[in-house]
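Below is one structure, written out as structure tokens, with a few remarks after it.
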Amino acid sequence: MRNRMSKQNKEKILKSFFKLLEEKPYSEITIVDISIDASVSRKTFYRLFKNKENLLNTYIDQLLNDWVTYANKKNPQNYEDLITLLFEFWKRYVPQLTILVNANLSSVILNKFNSIFPQYFMDFHNQHPSISYQGNEYDSIQMKYIALLSVGSLWNAFSTWLINPTEISLSNLAALAKNNFLYTKSPRN
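Going by UniProt numbering, the sequence shown opens with residue 1, and the numbers climb by one from there.
This is the structure in structure tokens:
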């Protein structure tokens, strides 16, 4: 029962946090604001989260855990599949990501992705040794930076799309990303 209540309170707090982010800047949102909107006490808030930054980081960490689970389940076979998966995954969270990007928190999301994506990218590359990145061999440090360049450029395009979703369809953006991504496509016969 206690775990269920704790989960419900976390969900209420998170829902209130996103609602408040749509109404005012992140810097102006207080724990009192969140607690009142969520109909929980400040004590309950602090039992679940250390502070507002911890709330945001907890949400993004869960998002990243969901990404790893999703990507592992889908098991991409090449870089094109990997790009498709990123866009498919992000699409599932468009409402929340739009709120975060509009609240100028895009860099927080990217920094979190930067903390996990290089290892995922290197593991992916090691699991598919026949895939060559631009026809070259790179050491682990170089692959780390290739991963950062990749996720950074993809996130930059996606987060810009979140702000202006009518400029281009998401499927066209994903196709554009795949066509311009820095990898060697297999030759067509």
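Backbone N, C-alpha and C fix where the C-beta goes; we use that ideal spot for every residue, glycine too.
Cβ of residue i within 9 Å of any chain C Cβ
i: Ile-116; result: Among the chains in the structure shown there is no chain C, since it carries only a single protein chain.
Distance, residue j Cα to residue i Cα
i: Ile-34; j: Asn-78; result: 43 Å
i: Val-101; j: Ile-29; result: 16 Å
i: Ile-83; j: Thr-98; result: 19 Å
i: Phe-45; j: Tyr-26; result: 17 Å
i: Met-5; j: Leu-55; result: 17 Å
i: Glu-80; j: Val-32; result: 45 Å
i: Thr-166; j: Ile-36; result: 35 Å
i: Lys-73; j: Glu-23; result: 36 Å
i: Leu-173; j: Phe-158; result: 8 Å
i: Asn-9; j: Ser-150; result: 37 Å
Cβ-Cβ distance between residue i and residue j below 9 Å
i: Phe-17; j: Lys-52; result: yes
i: Leu-86; j: Leu-154; result: yes
i: Leu-176; j: Ile-163; result: no
i: Leu-21; j: Ala-71; result: no
i: Lys-15; j: Ala-38; result: yes
Proximity test, residue i beta-carbon vs the ligand HEM heavy atom, cut-off 8 Å
i: Leu-63; result: In the structure shown, the ligand HEM is absent, as is every other ligand, since no ligand is present at all.
Selection from the options that minimises the alpha carbon distance to residue i
i: Leu-148; options: Glu-23, Phe-113 and Leu-170; result: Phe-113
i: Asn-42; options: Tyr-70, Ser-150 and Lys-12; result: Rather than Asn, the amino acid found at residue 42 in this sequence is Arg. The residue with the shortest Cα to Cα distance from Arg-42 is Lys-12.
i: Gln-96; options: Asn-75, Asn-156, Lys-19 and Val-40; result: Lys-19
i: His-125; options: Pro-76, Arg-92 and Trp-161; result: Pro-76
Determine contact between the stretch 136-154 and the stretch 114-121, defined as no fewer than three beta-carbon pairs at a distance below 8 Å. Three or more pairs of CB atoms, one per stretch, sit closer than 8 Å, so the stretch 136-154 contacts the stretch 114-121.
On the three-pair Cβ rule with 8 Å, is the stretch 50-64 touching the stretch 101-109? Judged by Cβ distances under 8 Å, the stretch 50-64 makes contact with the stretch 101-109, as three or more pairs qualify.
Could you give the uninterrupted runs of the alpha helix (DSSP H) lying entirely in the stretch 60-103, keeping only those of 4 residues or more? For the stretch 60-103, whole alpha helix (DSSP H) runs of length 4 or above, ordered along the chain, are 79-92 and 94-102.
Going residue by residue through the stretch 136-170, where are the continuous alpha helix (DSSP H) segments of at least 4 residues, counting only ones entirely within it? As far as the stretch 136-170 is concerned, its whole alpha helix (DSSP H) runs of at least 4 residues are 140-163.
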